[in-house]
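Residue numbers (full-length UniProt numbering): 1 to 275. Here the structure comes first, spelled out in structure tokens, and everything after it is commentary.
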């Protein structure tokens with residue numbers, strides 16, 4: 001055992017109505033999940049729902065924003081500042097997600113600036129990295145991820161409040177999943193890069209999540225790999241099966257006995273960009 005606490009994030013992306021949010025929260029609040037000594041759970045709803053979850057979600061789950069600005073607030077229409085999130089007592093933020101990199105044009109430098117500023121203000125960061133299918137087929141996976149993480153390494157001094165999420169872009173919303181061996185190889189490569197370029201202590205302590213069409217059906221095998229310390233879940237975090245994923249690495253097989261999510265169906269229909 002690595003000694004690294006399992007961390008599972010639920011990224012709701014741009015989904016949900018007030019009624020759907022209430023249904024998901026009610027289900028999570030009633031669910032039997034491992035205690036916080038064994039797992040850290042971070043839920044990332046759309047920013048407009050953060051205050052609602054702050055008041056209604058179970059206290060052993062943490063909240064995350066899906067994005068933040070690169071610095072203090074001001075004339076930046078549509079953005080949300082770290083100071084605003086801290087004022088709402090939201091401790092986590094997801095940065096560098098592939099959808100923001102590819103659809104909204106965020107560069108490695110912009111992501112690094114966001115990470116550095118969020119950390120400087122006391123926030124915790126889930127830092128996403130990953131490659132396209134074309135890059136994987138060209139055997140560029142490790143080089144692409146090294147470039148993305150290097151930009152952050154040049155800006156930050158401490159990695160204690162960073163979790164890395166490896167999300168192969170070709171596996172997001174496609175139903176394709178990196179094999180456990182592929183995921184393990186990439187997670188191990190990330191840890192090796194950190195060991196060589198940041199420090200062995202950081203490499204061994206940092207938690208690395210896997211994200212890419214994670215579901216109740218595949219999470220146990222993925223979670224059995226030694227360098228996979230949890231999951232960043234998209235589409236399945238909007239469904240009752242999210243509870244099975246939370247239980248995957250602690251109580252193998254427990255999730256299937258716990259709930260009948262197949263009969264319940266999704267709270268929110270899958271969109272075109274679900275993980």
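Glycine residues also receive a C-beta, built at the ideal position from the N, C-alpha and C atoms.
Do you know whose CA, among the options, lies nearest residue i's CA?
i           : options               : result
residue 137 : 164, 108, 182 and 91  : 182
residue 123 : 76, 154, 71 and 173   : 71
residue 154 : 17, 162 and 198       : 198
residue 109 : 83, 81 and 150        : 150
residue 177 : 147, 193, 188 and 214 : 214
residue 120 : 104, 92, 193 and 99   : 92
residue 83  : 69, 94, 96 and 76     : 69
residue 193 : 78, 147 and 102       : 147
residue 165 : 131, 139, 140 and 21  : 131
residue 31  : 19, 20, 13 and 58     : 58
residue 152 : 125, 184 and 133      : 125
residue 210 : 2, 8 and 3            : 8
residue 60  : 19, 48 and 37         : 37
residue 48  : 226, 21, 220 and 111  : 21
residue 159 : 86, 134 and 202       : 202
residue 219 : 239, 195 and 247      : 247
residue 221 : 184, 143, 41 and 104  : 184
residue 190 : 163, 174 and 29       : 163
residue 79  : 67, 86 and 142        : 67
residue 113 : 12, 18 and 156        : 156
residue 118 : 81, 75, 179 and 29    : 81
residue 102 : 85, 129, 77 and 88    : 129
residue 100 : 175, 14, 18 and 133   : 14
residue 235 : 223, 174 and 200      : 174
residue 88  : 111, 75, 62 and 104   : 62
residue 167 : 133, 19, 107 and 196  : 133
Under 8 Å by Cβ, that's how I've got residue i and residue j pegged, so tell me the actual separation to the nearest angstrom.
i           : j           : result
residue 65  : residue 90  : 6 Å
residue 73  : residue 233 : The Cβ separation is near 30 Å, so there is no contact.
residue 98  : residue 169 : 5 Å
residue 228 : residue 187 : 6 Å
residue 95  : residue 53  : Not a contact, Cβ separation roughly 19 Å.
residue 172 : residue 212 : 6 Å
residue 16  : residue 51  : 14 Å between Cβ atoms; not a contact.
residue 39  : residue 5   : 7 Å
residue 25  : residue 56  : 5 Å
residue 180 : residue 2   : Not quite, the Cβ-Cβ distance comes to about 16 Å (not below 8 Å), so this is no contact.
Looking only at DSSP bridge pairs, what is residue i linked to?
i           : result
residue 159 : DSSP output for residue 159 lists no bridge partner at all.
residue 166 : 129 and 210
residue 92  : 64 and 124
residue 44  : 11
residue 39  : 6
Could you tell me whether any non-hydrogen atom of the ligand ATP is closer than 7 Å to the CB of residue i?
i           : result
residue 207 : Looking for the ligand ATP in the displayed structure turns up nothing, as the structure carries no ligands at all.
Extract the residue ranges of the beta strand (DSSP E) inside the stretch 195-242, only unbroken runs of 3 or more that lie entirely within it.
208-210 and 230-233
At what residue ranges does the stretch 118-155 contain a whole run of the beta strand (DSSP E), taking only runs of 3 or more?
124-129
Segment contact, 8 Å Cβ cut-off, at least three pairs: the stretch 235-245 with the stretch 194-212
no
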